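Below is one structure, written out as C-alpha cells, with a few remarks after it.
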Amino acid sequence: MKRNIFNLIFRTAWLVLPAACANLDMPSDGRVTLNDIFNTYHRTRSYYSTCISAIPQVGFTYQNLTTPLASFCDEAQDASDGVGGAVFDWYAGATSSTYNPLTAGYLDPWDHYFQAIRRCNTFLKCMADPEMATYSFNETEKQGWMAEVRVARAYFYLQLIKRYGGVPLMDTPYEVDHDFTQDRRASFEEIADFILAECDAALAVPESEGQAIGFRWSIDDTERGRIPRAFACAVRSQTALYAASPLWNTGSGKYTWEKAAAITKEALDLCLAHGYRLYDTPVAEDVAQNPYAYYFIQRSDPSRSADRETIFETTTWRTNVWKNGGTPITEGMVKAGPCPSQELVDCYEMANGEMPVLGYSDADHLQPILNPASGYDPNHPYDNRDPRFYASIYYNGAPRSLTSGRVEKTQYPLAFTATVNNITVTQNGDDITLETTGSDPWIHTAALGKPLTSDEKRVVAFEYKSEQAIDDAEFFYCVAGGPQGGVESGASIPIPAADEWTAFEFDLTDAINRFGFGVNADGGAPPENHYLRFDVTGGTGYRITLRNFRVECYTLPPDPVPVETFVGGNCGISDRLTDVRYTRTGYYLRKFNNYRSNANVDADGLMKIFRLGELYLNFAEAAFQAAGPDAPLPSAVGGSPMSAREAVNTVRARAQMPPLPAGLSKEDFEKRYRNERRVELAFEEHRFFDVRRWKILNETDRFVTGMKITRTDDGACTYERIRLATRPVAADNYLLYPVQQTEVAKMNAFTGGNWQNPGW
C-alpha cells in the first residue's frame, strides 16, 4: 500500500520513543536507537548523509526513467505518445486524484519529500539536544551539518509547494500523543516564509576559516553532493520568484515583486561576490559548438576550478539523451523521446537578435507571423539562428557529429630499455632524465606489444622539461634486435626549452605510411615487435627530463552524417504511433547530448538543479515587474546596481547574442524576457512550472506543432507546419498536481476539511 503522511508521522514518533525509554532494561533486538546514532560520529554523519542524499536525481526520470519533464509541457512532443505509459496517459487526460502519471514512476513527490523532511526534523531535533547528541562533535562541523540539513529541508518544501501548493508544515518530529485533529494545510505563503527563514538561519552560521568542514561557499571535488552556501541562495531566489508570481500572489500577498526583486538580487550578488560566473570558456570546434553547448555536456567540478556557474548538479545520473532521446543513426538508441516542438524552435532568435516569428495568425499555429526585420527565410529556416539553437536542437541537415578532429584515442605507453648510445639515463620515480655524452645520442623503448593499424593517426607524445632547446631530434620505428634503420621521422624536429612541464607531440603518420615498418631491418618481424628509438640531438651536453613517453593512435572519423528529418530521411519524421524511434515534430533533442555518446560511450551531461544563469533570470523577472526593464536596483549585500535588462543581457552575452535594446515597454520586455527564459533554460525542468505560475497553461499546453519536410528529387526541401493531437491538460486544475485521494480522505477524517486541490 502506498505510504502516506500519517504513516510517516507515526514512524517519526516511533523514532523519538527510544529517547524516553533509554534507561529501561530492554533486550536488544538488533535495532539502533536514536541514542545509539547520535552518540557516535560515524552514525551521526551517516544520518546527516541520508538527509542530504534525499535530493533526488533529476533528468530522464519519468516513464520508467526514460522520459524528461519537458515531454509533459509545450517544450516537446514525446515519441512515446502512441504507446502505453506515463506520456500516453498524460496526453490522453488520464490524470486523476487516484492516478497521476508524473508521480507513478521513479519518485512520488508527496511521499518522498515528506519522508525526507521527517528525517531532517529528527536530525535537527536530536543534534540540538545535548542529552541526545552526546558525542563531542567539532562545533564547526556540527553547525555546518545542521545548516545543510536546514537548507535541504527548505528545498524539499519548495519542491512540494511547486507541485501541490500549500502543504502541512512540520518542522519537528511528531510525538506519539500528537493531536492530528489540529493539523492544517499551511498556505503557499506560509511555507515560503518557512523556506526563507530556514535558508537565512543556515546562511547566518559563520563560515569556517581555513577548515575543510562546515557550511561553506567552496567545497572540494571529493565532496560532490554536499550543499554549498550558494544552494541556499538559489532556494531563496526561486521561492521568492514563485511566491510573487500570479498563481500565488493575486494582489494581496506579502510577496510583492519588489520583495522578490530584493531577495533575488541579494541571492545573485552573494553568489557573484563568492566567485560564481557564467561559463564562457572557449571550446574546440570538434568538442562542442560553443561554450553554452559544452557547459551542458561536461560534468561540473564542485571546487569551481573550471565550472563556476553550476551551484548544484545531479550527482550520478547522466541524461542519456543518446539512448532515450536519441537520433536513429546513433548506435544503441532506443527511442526519440522528447521531440522539440516547433513553438520552441520559433523562440530561438536570429543571430541579429530579432525574433523570426512574432506569433501566429491562426488558432492551430500553422500560419506564423514572420518578422521582416529578422532576415528569416522560411525556405532555409535553420540558418543564422541563436547559437543556443544549434546547441539544443537536432534539425534537418544538422551535423550529428563534430568530427573535424580526433575521435578515439589508443595509447601505447613505452618504457625505455637499457640500450643507449652516448646517453646517460637517470630515473626519479616516473621522471627520466636523459643527458647526451657524445655524437649520435639515442635511446630506444621496449617493444610496442601490438601493431599500429595502417588507418590510424600516430603521434609520439610526452611531457618534458629542458633548460636548452633541442633543434634536431628524430624518431625511428625499428625492429627488435637492432637499433639501426627503421622509419625516419624527419630531421630537425625542434623541442623548445621549457622550465615547467610542457606537452610535446609529433605526428609520425606520414613517415609510417610512406616507409612502413622495419625498413632497412628485419622486414619479417611482426609489427608488435617493433620499438621506437628517440635520437635526442646531434651534440653533447644536452639535458632533458621526460615523463609519460608514449605513442597515441587516433582513429580518423568518417565524414559526418547529417541528421535527415525529411520524410524518408535517416531520421525522418514519423506519424506511426507505435514507432518510438522517430521524431513526431521534425526535431530531436541535442542539449546535454555529447555527439560521442553511443552504446559504448556514455558522455552525455548531467542535469543542473541550480545554476547562476537561473539566478540572473529570476532577478530579471522580479526586477522588471517591480521597477520596469531599465531601472537599476541596488543590493542589500554590496553588489553593483543592476537592471532587469542588464541581467538578461548578461545571459545573452554568454550565448553570443546581441543585447536587448533599452526603452522597451514593460509589456514588450515581458515577451522578450519570457522568450529568453524559455530558450536559456530549455529542457531544464523550468518551463513546466513557469507556464503554471504565470497562469498561461491554457495558452501553451493544448497542443504543439512540428515541421514536416519533404525533399524533392533535385534535393530541394519544402516545409509544412503540422499540428499534433490535442492534449486535454490545459485546464486550470492542471496548474497543480492532485493530492492522492487516499491522503485526502485521511486528512478529511482527522480535520474535517477538504485538502484536495481545485478541480481534482
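Read the sequence shown against my numbering and you will find it ends at 764, with the numbers running on by one and no gaps.
Cβ atoms here follow ideal geometry from the backbone N, Cα and C, with glycine treated the same way.
Being a predicted model, the structure only gives us computed values, none of them experimental.
Item: Closest Cα partner of GLN293 within the set GLY363, ALA244 and SER405; Value: SER405
Item: ASN328, buried or exposed, once every other Cβ within 10 Å from all chains shown has been counted against 16; Value: buried
Item: Cβ-Cβ distance between ASN552 and ALA451 below 8 Å; Value: no
Item: Three-state class that DSSP yields for PHE754 in the structure shown; Value: helix
Item: Range of the contiguous alpha helix (DSSP H) that encloses ASP78; Value: Note, ASP78: premise wrong, no alpha helix (DSSP H); not H, not E.
Item: Residue burial classification, MET751 (beta-carbon count within 10 angstroms, cutoff 16); Value: buried
Item: Beta-carbon proximity check, PRO772 vs ASP350, cutoff 8 Å; Value: Lying outside 5 to 764, the shown extent of the chain, residue 772 is not represented and no answer is given.
Item: Cβ neighbour criterion (16 or more within 10 Å) applied to VAL239; Value: buried
Item: Reduced DSSP category for LEU272 - H, G, I as helix; E, B as strand; rest coil; Value: helix
Item: Alpha-carbon to alpha-carbon, ALA502 and ASN524; Value: Confidence in ASN524 is poor, its pLDDT being 40 and thus under 50, which makes the residue's placement too unreliable to answer from.
Item: Cβ-based neighbour list, ARG281, same chain, cut-off 6 Å, excluding 5 preceding and 5 following; Value: ARG312
Item: Burial state of GLY642, where buried means 16 or more other Cβ atoms lie within 10 Å; Value: exposed
Item: Euclidean distance between Cα positions of ILE436 and GLU79; Value: 57 Å
Item: Where the alpha helix (DSSP H) through TYR95 begins and ends; Value: 90–95
Item: Same chain, Cβ closer than 6 Å to ALA607, five either side skipped, listed in chain order; Value: ASN598, ARG600 and SER601
Item: 8 Å Cβ cutoff met for ALA749 and ASP390; Value: no
Item: Buried or exposed (CB count within 10 angstroms, at least 16 for buried), HIS690; Value: buried
Item: Beta-bridge partners of ILE474, as assigned by DSSP; Value: ILE499
Item: Neighbourhood of GLY363 by C-beta, 7 Å cutoff - its chain only, sequence neighbours within 5 removed; Value: ILE373
Item: Coarse secondary structure for GLU724, derived from DSSP in three states; Value: strand
Item: Cβ-based burial, TYR139 [other Cβ within 10 Å; buried from 16]; Value: exposed
Item: Identity of the residues DSSP links to TRP321 by a beta bridge; Value: None, per the DSSP bridge assignment.
Item: Proximity to SER57 [Cα-Cα], best of GLN186, THR318 and THR44; Value: THR318
Item: When ALA753, ASP736 and PHE754 are compared against TRP764, the one with the closest alpha-carbon; Value: ASP736
Item: Length of the line joining the Cα atoms of SER345 and GLU724; Value: 14 Å
Item: Test item: CB-CB of LEU619 and LEU73 under 8 Å; Value: no
Item: Candidates ALA515, VAL683, VAL652 and ARG681, of which the one nearest LEU668 by Cα; Value: VAL652
Item: Close Cβ partners of ASN43 (< 6 Å) along its chain, the five nearest in sequence each way excluded; Value: THR138 and TYR139
Item: Spatially closest choice to ASP387 from TYR416, ARG233 and GLY401, by CA coordinates; Value: GLY401
Item: Cutoff 8 Å; reference VAL87; Cβ partners in own chain excluding five residues on either side; Value: LEU581, THR582 and VAL584
Item: Assigned secondary structure, LEU374 (DSSP; H/G/I helix, E/B strand, else coil); Value: strand
Item: Residue(s) in a DSSP beta bridge with TRP446; Value: ASN425 and ASP539
Item: Assigned secondary structure, ALA2 (DSSP; H/G/I helix, E/B strand, else coil); Value: Given that the chain is displayed from residue 5 to residue 764, the structure contains no residue 2 and the question cannot be resolved.
Item: Among GLU556, TRP94, ALA624 and ASP694, the one whose alpha carbon lies nearest that of TRP729; Value: The question names Trp, yet the displayed sequence has Ala at residue 729. The option with the nearest alpha carbon to ALA729 is TRP94.
Item: Outcome for TYR546 when other beta-carbon atoms lying within 10 angstroms are tallied against a minimum of 16; Value: buried
Item: Beta carbon of THR441 nearer than 8 Å to that of THR428; Value: yes
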